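One structure below.
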Amino acid sequence: MDSVDSSFDLENPLCVRRVYKLIVNRQKEGKAVENIKEIELLKLQCKVTNVQTCVLGCQAFVSLVERGVVESGTVLAVMVSLLPKSTFEQYSALIDGIFNVLLFDLKRDIAKMKSNQKYKSSYGLKTQQHPVIAIIDKDPVRLSYLIDKIVGVCDHPDEKIRDECVEFLRPALLYIICNPETLPHSDSIWTSLLTHSANSRTSELISEILSWSKISSPGTCLQTSIFLIKMLNSLSPTDDSKLMRDLILYLVVVSNHQLIYGMNPTRNFQCIRKVLTSIPEPSENYYNVLLVLLSNTLHQISPANFVDIMEIIFDIIRKGCCRNKYIQNMVLDGIIKWMTHPDFITPNALSIAHSIVKTIVERDDNSAQSAPAIKDPKLTVTNYHPDISVAYDIAHLTEQFEETNHKNVFNFIDTLNTRGDLNLNKQLVSLLRAIFLSKDISIDCWFKVYQLILSIVISREESALSFLMTFLYKLSTEPCPEVQLELLRGLPYFATRKESIPFILNTFDLLSTGVNINVCMDLYARLWKIEDRTYPFLHKLLCAPYDNKCSEFEFYITKSMTIRDVCIAKPSQHGTDLVPILSHILNHCSSEEGDVATAIALDAITALCESNTVSILSTWKVLSGKFRQEKRIASQKSLFKFFSYIPTFHNASAAYENVVDEVLSHLWFFITRSDCNELIKAALEALGHFQPGKVMYFKHIPQQFQVATKLKGKELEITDGLAWQAVPGECWIELLKGIKPKCKAYVADLISDYIEFEIAEYRSGVYNLPEHMPEPKKLLTLGSGSTLRAVLNFLIKQSRFENNSIDELLIINTLRAISRKFSKPIPPLDWSFLQCFFHIGFQTRKYCILIATNQMEHSGTAKRLLENFLIDFEPNCFEEDLLLLLGLLPVVSGKMPTQVLKVFAEKVAIYCFKESQINGFSEGCLFEKFLENVKYVFTQKNQEPEALDIFTLIIGRYMDSMELDSRIFQKYTEVVACLHPRSIDGLTSPTTWWEVPVGKLKKATVIRCYLALNNRILDNPLSWLDPIVDVFVGQKGEHTFLFQHLAATLYAFKSDNHAYDWIMDLFRQIQILLADSGNQTNNEKISFLVDVCVVSIVAFSGYIVILEEFTAIASARNTRIMVFPQSVNLLLERAFWKSNEAKVLDIFYAMYKNNSIPECYSNMFKNAITCLRNKPCFESKNIWTKYVGMRK
19 MDSVDSSFDL
29 ENPLCVRRVY
39 KLIVNRQKEG
49 KAVENIKEIE
59 LLKLQCKVTN
69 VQTCVLGCQA
79 FVSLVERGVV
89 ESGTVLAVMV
99 SLLPKSTFEQ
109 YSALIDGIFN
119 VLLFDLKRDI
129 AKMKSNQKYK
139 SSYGLKTQQH
149 PVIAIIDKDP
159 VRLSYLIDKI
169 VGVCDHPDEK
179 IRDECVEFLR
189 PALLYIICNP
199 ETLPHSDSIW
209 TSLLTHSANS
219 RTSELISEIL
229 SWSKISSPGT
239 CLQTSIFLIK
249 MLNSLSPTDD
259 SKLMRDLILY
269 LVVVSNHQLI
279 YGMNPTRNFQ
289 CIRKVLTSIP
299 EPSENYYNVL
309 LVLLSNTLHQ
319 ISPANFVDIM
329 EIIFDIIRKG
339 CCRNKYIQNM
349 VLDGIIKWMT
359 HPDFITPNAL
369 SIAHSIVKTI
379 VERDDNSAQS
389 APAIKDPKLT
399 VTNYHPDISV
409 AYDIAHLTEQ
419 FEETNHKNVF
429 NFIDTLNTRG
439 DLNLNKQLVS
449 LLRAIFLSKD
459 ISIDCWFKVY
469 QLILSIVISR
479 EESALSFLMT
489 FLYKLSTEPC
499 PEVQLELLRG
509 LPYFATRKES
519 IPFILNTFDL
529 LSTGVNINVC
539 MDLYARLWKI
549 EDRTYPFLHK
559 LLCAPYDNKC
569 SEFEFYITKS
579 MTIRDVCIAK
589 PSQHGTDLVP
599 ILSHILNHCS
609 SEEGDVATAI
619 ALDAITALCE
629 SNTVSILSTW
639 KVLSGKFRQE
649 KRIASQKSLF
659 KFFSYIPTFH
669 NASAAYENVV
679 DEVLSHLWFF
689 ITRSDCNELI
699 KAALEALGHF
709 QPGKVMYFKH
719 IPQQFQVATK
729 LKGKELEITD
739 GLAWQAVPGE
749 CWIELLKGIK
759 PKCKAYVADL
769 ISDYIEFEIA
779 EYRSGVYNLP
789 EHMPEPKKLL
799 TLGSGSTLRA
809 VLNFLIKQSR
819 FENNSIDELL
829 IINTLRAISR
839 KFSKPIPPLD
849 WSFLQCFFHI
859 GFQTRKYCIL
869 IATNQMEHSG
879 TAKRLLENFL
889 IDFEPNCFEE
899 DLLLLLGLLP
909 VVSGKMPTQV
919 LKVFAEKVAI
929 YCFKESQING
939 FSEGCLFEKF
949 LENVKYVFTQ
959 KNQEPEALDI
969 FTLIIGRYMD
979 SMELDSRIFQ
989 KYTEVVACLH
999 PRSIDGLTSP
1009 TTWWEVPVGK
1019 LKKATVIRCY
1029 LALNNRILDN
1039 PLSWLDPIVD
1049 VFVGQKGEHT
1059 FLFQHLAATL
1069 YAFKSDNHAY
1079 DWIMDLFRQI
1089 QILLADSGNQ
1099 TNNEKISFLV
1109 DVCVVSIVAF
1119 SGYIVILEEF
1129 TAIASARNTR
1139 IMVFPQSVNL
1149 LLERAFWKSN
1159 EAKVLDIFYA
1169 MYKNNSIPEC
1179 YSNMFKNAIT
1189 CLRNKPCFES
1199 KNIWTKYVGM
1209 RK
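Here the sequence shown is numbered in the numbering used here, starting from 19 and rising by one per residue.
Structure (structure tokens):
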């Protein structure tokens, strides 16, 4: 600056030229730019208040760039740094200068290009940031002038610049339009782009902008709507009809979100209708997709816009453009909601809605087969929003329903039920409602849909109110009585929302005048169980008298059942109110026809007594007079059940003792004198609750069963003191002898009950056995009144007789009495006497084996008895013995000597397999039973390792001997899943095999997929799949098999965190392989693992259910790539995945940017990121600037 004299005036425009020349001269002298101090002077001249000087200073910088004195990057950095504190005049001059420099760079780059080369901007939104973006960030206030300058560049008179300016400004244009802060100022840019849309680069940018346009907030949603309307108005209906059709779909989605935000999308609907009437007629497939989206709109629409959407739908339905009944029902479902609120919509809208409903119903009644829609290729606009993709796939799915004559509906519902995940997409719920309204599906299929919808209503309260009107519409139009009744029974489930209750009550009230009162009682009872505040309505109906419109006794049966349910559920709250009604029922149902009603009423009374709502003693006092002479079977059985609760309320009062005496007398009367086996059984079951010695005494035993107690060889008279003694055990043996043969088993069960009472009170002393002493021949430690002692003494005595001189039935039932697994073991006893009963018959042998099995842990003789039987056992002798031992296998396996168990198990396994193989492994075959019991061996706790090793070796031998798709292999898989992890790996991990046969690999795949769903030993159950995935890399011809089973497994898998960890681990493996991607083997493995990730995500997201079947993504790479973006979007709606959105995006971005990833996958990952642009994480500027406009 020394060469500039002191009279130098910065404000003087003439001085700019002097400074400019000095800078040029310094550069010619070889000075480096950073050492030319005059540049700082020129910077000062750009900041002066004299506008002309400022403009000349900026132009001087541009000239320096053009002459090559200063690099354009340096000048741009200088000029951008001057913007923040500049006045508007300085700002406009600086902006002009910056754009001139940028245009100079553009011209230079264009001049360097070869004839067949396309210009590509080197700038980005975040890395190598475009200078215009830097300007916006530094001074966002004066954006209007900058945007006007951008528009001016787009309209540049130089054709070359105009053709390439869109690419040159691409990062800046994307930044302005995709930035929520600058979006409201972007109208002029959008208008300019539309003006030049004939240019291919401009057209591509417009499409890219739409693919990044957001509707996640009211502001962005409104602006996107404006953009779409402007674009539709600018297009030619003749030349751009396909694009216009696609944009309409996106506009419908945008409208749906505007409705959610409470905005009025009238302009959108008007534009949609106008475009649809102006373009050539679209295909039926297109209209199907459009109507799926519009059906969703119907659930969001406000009354003000209802007429607009009705006009659009009416135009489509009237012209017969949609013949798909399921999609018509989706529309019908949306309209029904508004038809019930006619006061809120205009008469015109209501009239149009009626016409639409009438058209749909009449076509449905004609039941003509719908012609299949002409299938369009996948719409290009599907990537704009996942809702469009879902609508497309739902439309395609419904077409498959109709083409297969509705058989695929059954498969679709079964697939939904497999997952049990009721958090379905809204459009999928709408499809379920459409199927619910359908009259074409089978009744079995309809009931499945009905159950699924009720499950959704129960689990998601908000759906109860929205679906209620559709449910009532189906009820009112359904001709099938069976379906009508089921609908009525389902209606109470909607009471989970209190707003629904008035509609339900009104429906039931209308029914009560014309429908059987029994049905009404059942419906009100169901409603009360869900919403107890409706009890007054139920009580009113219960108090209503018989009205002669149905069978009198059916009426009382229904009333009794309803009251019983109330008494069981809430006895203390409503029980006392119902006692008078119960009394009325008992009084009016004394005939044979009233037996069932009386029995149910007694059950209700029993429930009230059990809950202490009423006194059981006073209740019997009232009932005794009526039921002393009762002979009706059902009533007597309920009365015996009532008696069984009397011991529960034991007390020392005389009144209680009198009741016990009377009740026991009543029970013994039926036991000894009744001809009805059913009543004898019920009486014995009730008697089993009266514990001898505490509630029942010697005096209560009938004379014929009393065994006189002897003292020193003399019989004692039954005195008052003896009458209150405990009942000798021998009495029950006498009962067993004297009872009818067909009832002996019931007595045996009674004796078991009494033995259980007795054993439960044993102290440790009865189990003490002196060291080195053999087990005693008799239970001498037990008292003379012991039931157990009497039974065992009887058996020991009988064992001394010849087999042909004993009562086989008596022995069978005596053995049965002690064969139960009691709460404590039987005291030490030498069980060798059981050997004498083994050869009488199967029944005695069975009970002997059960007794030995129960006692073997505590008795050496019992264990030896069972050991000897197993050693001598031959499977081919008696099949009933084999089945018995198979059932006991889990019990005895850990308690037998290893060698005995091994020989027995191998012998049985070989026999069962051969016999089953001969019979084609039919259902319930011997080998299946063997596998089932071996499974229990592994699932029981505290099993001996040696025993488990034996069965592990046996199971391993049969893997190659069964067909993969056979039922027996499914059972085999369940057993393998119970083995120790090391054993499972040895059997199913290909890394442990000498060779890898395809058949064995497929079986291992099936087993490990089952393990992933049912075995929780590993920290992450999906880790079971790792060895299989690694081996299938080299099995190219079997990839479809793996993908199919992988899809089924991931679809049914329910743990979000485990699935996330496993899938992310696969992506990490891919990234490691990408580091050495030059290797051909690695490249193949990369493609395979990407396929595995894609299949896993599509399946686990649940989106696979919308596809035709699992094989759709397993066999067709294009299909899985196509549905991947919307699957990821659906997956990230879950809480755990949502918290990891940023990590998922980073992984996808890394996959996209890597050149070793095949292009089809690369585009897929880009589309997935685009699809996620409305997710919360995209609200962060650091996130969206990283991804918007991304390209390699």
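For glycine and all other residues, C-beta sits at the position ideal for the given N, C-alpha and C. Just so we're clear, the structure is a prediction, and the values are computed from it rather than from any experiment.
In the DSSP assignment, the alpha helix (DSSP H) including residue i goes from what residue to what residue?
i	result
G938	Premise fails: G938 is in no alpha helix (DSSP H) and is neither H nor E.
E479	479-495
P589	589-606
F1128	No alpha helix (DSSP H) contains F1128, which DSSP labels as neither H nor E.
G352	343-357
C183	177-186
M262	259-278
M249	236-252
I548	535-548
L1031	1016-1032
Return the Cβ separation of residue i and residue j in integer angstroms, given the expectation that the two are a contact with Cβ distance under 8 Å.
i	j	result
D157	L101	5 Å
Y663	T624	6 Å
I290	S259	Incorrect: roughly 14 Å between the Cβ atoms, too far for contact.
W750	T799	Rounded, the Cβ-Cβ distance is 20 Å, inconsistent with contact.
T1257	I330	Here the chain covers residues 19 to 1210 and nothing more, so residue 1257 does not appear.
L1064	A1077	In fact, because the Cβ distance is near 12 Å, the residues do not count as touching under 8 Å.
S1244	F122	The structure shown does not extend to residue 1244, since the chain is modelled only from 19 through 1210, so no value can be given for it.
Could you tell me whether any non-hydrogen atom of the ligand FAD is closer than 7 Å to the CB of residue i?
i	result
K762	Of ligands this structure carries none, so the ligand FAD is not represented either.
Sorted by chain position, which residues of the same chain lie with C-beta nearer than 6 Å to residue i's C-beta, five sequence neighbours on each side aside?
i	result
S837	Y865, L868, I869
I459	H424, V427
E898	F860
F1061	V1113, A1132
V952	F969, V993
K232	T238, R1191, N1192
Within its chain, find whatever has a CB closer than 7 Å to the CB of residue i; leave out the 5 residues flanking it on each side and keep chain order.
i	result
Q387	Residue placement at Q387 is poorly supported in this model, since its pLDDT is 47, which falls under 50; the coordinates still yield a value, given next. So no residue of the chain qualifies.
Y511	L472, V475, I476, I548
Y279	P236, C239
Q146	S140
E182	L124, I128, Y137
V1091	The amino acid occupying residue 1091 in the given sequence is Leu; Val does not appear at that position. The answer, listed in chain order, is N1100, K1103, I1104.
H790	none
I353	L316, A371, I374, V375
Q816	I824, I829
Excluding sequence positions up to five away, which residues of its chain have a Cβ less than 8 Å from the Cβ of residue i?
i	result
S841	E774, I777, A778
K492	F454, L455, L505
C568	N534, I535, N536
Considering only DSSP beta bridges, list what residue i is partnered with.
i	result
Q147	G142
P710	M714
Count the C-beta pairs between the segment 1161-1176 and the segment 202-222 that are closer than 8 Å, then say yes if the count reaches three, no if not. No: fewer than three Cβ pairs fall under 8 Å.
Within 8 Å, do at least three Cβ pairs link the segment 1194-1206 to the segment 131-144? The segment 131-144 vs the segment 1194-1206: in contact.
If you pair each beta-carbon of the segment 158-165 with each one of the segment 105-113, do three or more pairs fall below 8 Å? Yes, since at least three Cβ pairs between the segment 158-165 and the segment 105-113 fall closer than 8 Å, the two stretches touch.
Would you check if the segment 778-795 and the segment 709-729 touch, i.e. whether three or more CB-CB distances between them fall below 8 Å? No: fewer than three Cβ pairs fall under 8 Å.
Check whether the segment 992-1006 touches the segment 1022-1036, taking contact to mean three or more Cβ pairs, one atom from each stretch, closer than 8 Å. Proximity of the segment 992-1006 to the segment 1022-1036 meets the contact definition, three or more beta-carbon pairs being nearer than 8 Å.
Mind the definition here: the segment 921-928 touches the segment 880-893 only if three or more C-beta pairs lie below 8 Å; say whether that holds. In this structure the segment 921-928 lies against the segment 880-893, because at least three pairs of beta carbons, one per stretch, are closer than 8 Å.
For the segment 663-679 and the segment 704-718, state whether three or more C-beta atom pairs, one from each stretch, are separated by less than 8 Å. As far as the Cβ criterion goes, the segment 663-679 touches the segment 704-718, which means the pair count is three or higher.
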